[in-house]
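**Q** Structure provided below as structure tokens; questions to follow.
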Amino acid sequence: IGDDIAWMRFGEDGRLYAINAEAGFFGVAPGTSYAANPNAMATIQSDTIFTNVALTDDGDVWWEGSDQPAPPHLVDWQGRDWTPESSEKAAHPNARFTTPAKNCPSIAPNWEDPQGVPIDAILVGGRRPTTIPLVYESFDWEHGVFLGAIMGSEITAAVISDKIGQVRRDPFAMTPFIGYHVADYLQHWLETGKRTSADKLPRIFAVNWFRRGEDGHFLWPGFGENSRVLKWVAQRCQGTLEARETPIGYMPYLEDLDLTGLELPAGDLEAITTLDRQEWALELDAIEAHFESYGPKMPPVLFEQLARVRAKMKD
Numbered sequence: 002i003g004d005d006i007a008w009m010r011f012g013e014d015g016r017l018y019a020i021n022a023e024a025g026f027f028g029v030a031p032g033t034s035y036a037a038n039p040n041a042m043a044t045i046q047s048d049t050i051f052t053n054v055a056l057t058d059d060g061d062v063w064w065e066g067s068d069q070p071a072p073p074h075l076v077d078w079q080g081r082d083w084t085p086e087s088s089e090k091a092a093h094p095n096a097r098f099t100t101p102a103k104n105c106p107s108i109a110p111n112w113e114d115p116q117g118v119p120i121d122a123i124l125v126g127g128r129r130p131t132t133i134p135l136v137y138e139s140f141d142w143e144h145g146v147f148l149g150a151i152m153g154s155e156i157t158a159a160v161i162s163d164k165i166g167q168v169r170r171d172p173f174a175m176t177p178f179i180g181y182h183v184a185d186y187l188q189h190w191l192e193t194g195k196r197t198s199a200d201k202l203p204r205i206f207a208v209n210w211f212r213r214g215e216d217g218h219f220l221w222p223g224f225g226e227n228s229r230v231l232k233w234v235a236q237r238c239q240g241t242l243e244a245r246e247t248p249i250g251y252m253p254y255l256e257d258l259d260l261t262g263l264e265l266p267a268g269d270l271e272a273i274t275t276l277d278r279q280e281w282a283l284e285l286d287a288i289e290a291h292f293e294s295y296g297p298k299m300p301p302v303l304f305e306q307l308a309r310v311r312a313k314m315k316d
């Protein structure tokens with residue numbers, strides 16, 4: 002439905018239905034290319050506003066990670082002359098494109114259907130260079146809310162901060178957008194799970210496309226290759242695959258991930274599908290401190306979920 006916004010409501014059949022209320026995409030330009038995201042490139046060919054990108058001498062746009070090499074001269078995002086020898090990047094790291102969704106060649110034909118579509122899975126995830134595996138599934142709805150509540154991301158250029166690279170806790174990636182107490186928001190998620198039977202609730206999965214190796218390289222290629230993980234998610238929802246139970250949730254067996262044609266170093270694949278208990282011991286301490294920061298309104302069930310993970314880590 003969307004990687005940013007979905008509006009969900011219960012249908013008469015007791016399932017959650019969702020629409021995407023947005024009219025278009027507000028995407029990060031640097032790193033977007035035909036190699037990484039061809040549909041995004043096709044979408045932005047017209048009717049698009051570019052902000053904080055670089056400008057070529059013939060009036061086109063350019064950014065780092067595009068398909069074209071850097072031209073000999075650009076006007077950078079600050080309006081200054083730029084050459085490949087310049088010390089700073091030509092486009093801002095958070096340079097954006099704003100483009101109509103209807104331009105996307107892969108958009109679903111029922112995109113504008115006001116009834117929406119039934120939701121089988123909800124994915125939560127942040128930018129974490131360590132600790133968090135590629136994908137794992139919650140045990141149930143309450144545990145899924147816990148996974149959303151513990152989300153954290155490495156601070157990026159999308160946030161004005163002098164702490165780039167540190168982990169910022171961000172429940173459900175909603176901290177900048179929640180108009181009321183975060184603990185009440187989390188309680189709202191918990192109450193939602195009580196409004197229908199467990200078998201009609203979406204499954205909740207945590208994902209992390211941003212694991213890095215010790216040398217800083219990404220362990221997972223991301224972009225369109227994330228569809229391989231979505232295939233596993235779909236198969237889990239269909240009940241056609243088993244999974245291995247871990248203290249943090251259900252993780253895939255390696256043979257169940259469709260890696261056809263993808264050449265990943267064995268060490269990288271192992272790193273993103275392995276639970277590091279030492280890292281998680283520190284993670285759980287940080288989660289507890291974060292929960293306590295919300296004061297007495299924090300739902301007790303989330304502390305109970307935290308205690309269960311701690312206990313399972315000791316087994």
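The number in the numbering used here is simply the position in the sequence shown, starting from 1, with 1 added. Ideal Cβ placement from N, Cα and C applies to all residues, glycine included.
Look at the Cβ atom of W78, then the Cβ atom of N53, and state whether they are nearer than 8 Å.
**A** yes
**Q** Measure the beta-carbon distance from P276 to P134 and round it to whole angstroms, keeping in mind my assumption that it falls under 8 Å.
**A** Here residue 276 turns out to be Leu, not Pro, going by the sequence shown. Between P134 and L276 the Cβ distance is about 7 Å, and since that is below 8 Å, they are a contact.
**Q** Using the Cα positions of A55 and M42, report the straight-line distance between them to the nearest angstrom.
**A** 16 Å
**Q** Could you tell me whether the stretch 258 to 269 touches the stretch 221 to 232, where touching means 3 or more Cβ pairs closer than 8 Å?
**A** yes
**Q** List in chain order: all unbroken beta strand (DSSP E) runs of 3+ residues lying wholly within the stretch 7 to 53.
**A** 8 to 11, 17 to 20, 25 to 29 and 50 to 52
**Q** Output needed for H182: all residues of its chain with C-beta closer than 7 Å, excluding positions within five of it in sequence on either side, in chain order.
**A** K298
**Q** Among L270, F304, D121 and G60, whose alpha-carbon lies nearest the alpha-carbon of K232?
**A** D121
**Q** Figure out for me which residue from G66, S107 and A150 has the closest Cα to the Cα of S139.
**A** A150
**Q** May I ask you to list the residues that DSSP assigns as paired with I205?
**A** I123
**Q** Based on the DSSP output, what are the partners of L75 in its beta bridges?
**A** T57 and W83
**Q** Assign E293 to one of three DSSP states: helix, strand, or coil.
**A** Residue state, collapsed to three classes: helix.
**Q** Locate the alpha helix (DSSP H) running through M314, then write down its first and last residues.
**A** Judged by DSSP secondary structure, M314 falls within the alpha helix (DSSP H) whose first and last residues are P301 to K315.
**Q** Where does P172 fall in DSSP's three states?
**A** helix
**Q** Of all the options L148, T176, T131 and L202, which has the alpha carbon lying nearest to the alpha carbon of H218?
**A** Just measuring C-alpha positions, the residue of L148, T176, T131 and L202 sitting nearest H218 is T131.
**Q** Specify the secondary structure class of S198 as computed by DSSP and reduced to three states.
**A** coil
**Q** Looking only at its own chain, which residues have a Cβ that is under 6 Å from the Cβ of K313, when we skip the five neighbours before and after it?
**A** P248
**Q** Note the first and the last residue of the continuous alpha helix (DSSP H) segment covering Y186.
**A** V183 to T193
**Q** When burial is assigned at 16 or more other CB atoms within 10 Å of the CB, is N111 buried or exposed?
**A** exposed
**Q** Kindly identify the DSSP beta-bridge partner or partners of P101.
**A** G25
**Q** Apply the 10 Å Cβ neighbour rule to S154 and answer buried if 16 or more other Cβ atoms are within range, or exposed otherwise.
**A** buried
**Q** Take W63 as the anchor and find which of W142, A30 and V125 has the nearest alpha-carbon.
**A** That would be A30, whose Cα lies nearest to the Cα of W63.
**Q** Look at the alpha carbon of P94 and the alpha carbon of S88, and state the distance between them as a whole number of angstroms.
**A** 14 Å
**Q** Give the single residue among A235, R196 and L283 whose Cα lies nearest to the Cα of R311.
**A** L283
**Q** So the candidates are R129, R16 and F51; which of them puts its Cα closest to the Cα of T100?
**A** Measuring from the Cα of T100, the nearest candidate turns out to be F51.
**Q** Assuming I205 and I123 make a contact with CB atoms under 8 Å, what is their CB distance in whole Å?
**A** 5 Å
**Q** Can you tell me whether F224 is helix, strand or coil according to DSSP?
**A** helix
**Q** According to DSSP, simplified to helix, strand and coil, what is E155?
**A** strand
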